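If you count the sequence shown from 1, you need to add 802 to reach the working numbering. To start, the structure itself, in structure tokens.
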Amino acid sequence: MPFGYLFRRTWSSTDRLDGKTVLITGANTGIGKETALDLAKRGARIIMACRDMEKAEGALKEVIEGSGSQNVVIKKLDLSDTKSIREFAETINKEETKLNILINNAGVMVCPHGKTADGFEMQIGVNHMGHFLLTHLLVDLIKRSTPARIINVSSMAHSWGTINLDDINSEKGYDKKKAYSQSKLANVLFTRSLAKKLQGTGVTAYSLHPGVVQTDLWRHLSAPQAAIMKMISPFTKTSVQGAQTTIYCAVAPELETESGGYYSRFQAHRFVSRTAMLLGFSMLNRFLCVSKLVHHPKDIQPT
């Protein structure tokens, strides 16, 4: 068996998604695009939610040609702008009769300090706050589409993260790696909360680590970091390989009765964040309340 096979293998399944509607954020590139291509081949209707519509047009063409399916559309979504999120969700709720699988895939990684249109630190704003709002604006449609799944693409970086409730936007000092880890931990905590809140509704939730993948997310790495990544690139994954755990969480029949888990390499993994182990549900609820309060309370009701 070649060295690295376990890290690069793909998930084999003939399961179909005919009649299902799937929404994927950040679907114009990387693992989002490869996920869209795979699920389109399985017969699903695919909604590719993208910020860059020029790239989205190219990705749409690739997915249609590669899958042979015409049931693929692109929609404008900027997760760094709550106005865009609300407009997008309003369109989906108006135009779509069902949403069986929501894949919160889009993200930014170790970027220079910046803020979203609403003043959030960019990584917590896009990776967590944006998806948090989007999910809650679509959850009623998802609940009417059961069995349904919500998938949050996290990272093993969550294990190094902490939730700084007193400085969630890194106003007192910005460390881009810590900010990224915080946002990825937020993804996992949000998944756990969704599993609890949606228990018994027919909607299940999963978070996952896609692996170390060669994607556009690397564009913000420093020169030394980029050099290290180049050295280890023989052991990293392609976008196709990186999409496999997302596809597994979206498709695998055996997961229909599971919810709240964290997955890597097509299997459940122990939730490894020391912070999360120490976070009781009271602290978890406090963090989620912070997320709720930054959006209008009329849209998101307390758990």
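Where is the CB? At the ideal position from N, CA and C, for every residue including glycine. Being a predicted model, the structure only gives us computed values, none of them experimental.
Item, Value
"CB contact flag (P1012, D817, <9 Å)", "no"
"Buried or exposed (CB count within 10 angstroms, at least 16 for buried), R847", "buried"
"Distance between beta carbons of S995 and I926, contact taken as under 8 Å", "With 8 Å as the limit, I926 and S995 do not qualify as a contact, their Cβ atoms being about 16 Å apart."
"Classification of Q1043 by the beta-carbon crowding that lies within 10 angstroms, buried from 16 upward", "buried"
"6 Å Cβ shell around D1101 - same chain, five flanking residues per side excluded", "In this prediction, D1101 has a pLDDT of 47, which is less than 50 and means its spatial position is unreliable; what the coordinates show is noted afterwards. Closer than 6 Å at the Cβ level, and outside the excluded window around D1101, lies no residue."
"Boundaries (first-last residue) of the beta strand (DSSP E) holding S1009", "V1005 to H1011"
"Beta-bridge partners of I849, as assigned by DSSP", "L825 and V875"
"Runs of alpha helix (DSSP H) lying entirely within the region 895-978, each at least 4 residues, in chain order", "933-945"
"Where the alpha helix (DSSP H) containing G1063 begins and where it ends", "It is not in any alpha helix (DSSP H) - G1063 instead sits in the beta strand (DSSP E) that spans G1063 to S1066."
"The beta strand (DSSP E) enclosing A1070, as first and last residue numbers", "Q1069 to H1071"
"E859 in three-state terms, based on DSSP", "helix"
"Inter-residue CB distance, I849 and K877 (contact presumed, cutoff 8 Å)", "6 Å"
"Endpoints, the alpha helix (DSSP H) within which E1060 is located", "From DSSP, E1060 is part of no alpha helix (DSSP H); its letter is neither H nor E."
"N- and C-terminal bounds of the alpha helix (DSSP H) containing D840", "G832 to K843"
"Where G868 falls: helix, strand or coil (DSSP)", "helix"
"Terminal residues of the alpha helix (DSSP H) in which Q1043 lies", "S1041 to G1044"
"Where Q1001 falls: helix, strand or coil (DSSP)", "coil"
"Of the residues T948, E973 and V1053, the one placed nearest G1002, counting alpha carbons only", "T948"
"Residues near A842 by beta carbon distance below 6 Å, same chain, minus five either side", "I848, V865, S869, S871 and V874"
"Spatial distance of T1047 from R1067 (CA atoms)", "6 Å"
"Nearest-angstrom Cα separation, counted from K980 out to W1168", "Any property of residue 1168 remains undetermined from this structure, which presents the chain solely from 803 to 1105."
"Exposure label - G834; buried when at least 16 CB within 10 Å", "buried"
"Cβ pair count under 8 Å reaching 3, the region 824-840 against the region 852-860", "yes"
"Supposed contact pair I952 and T964 - C-beta distance, whole angstroms, cut 8 Å", "Between I952 and T964 the Cβ distance is about 24 Å, and since that is not below 8 Å, they are no contact."
"Assigned secondary structure, K816 (DSSP; H/G/I helix, E/B strand, else coil)", "A small correction: the amino acid at residue 816 is Thr; Lys does not occupy that position in the sequence shown. Coil, per DSSP."
"Distance, S882 Cα to K822 Cα", "28 Å"
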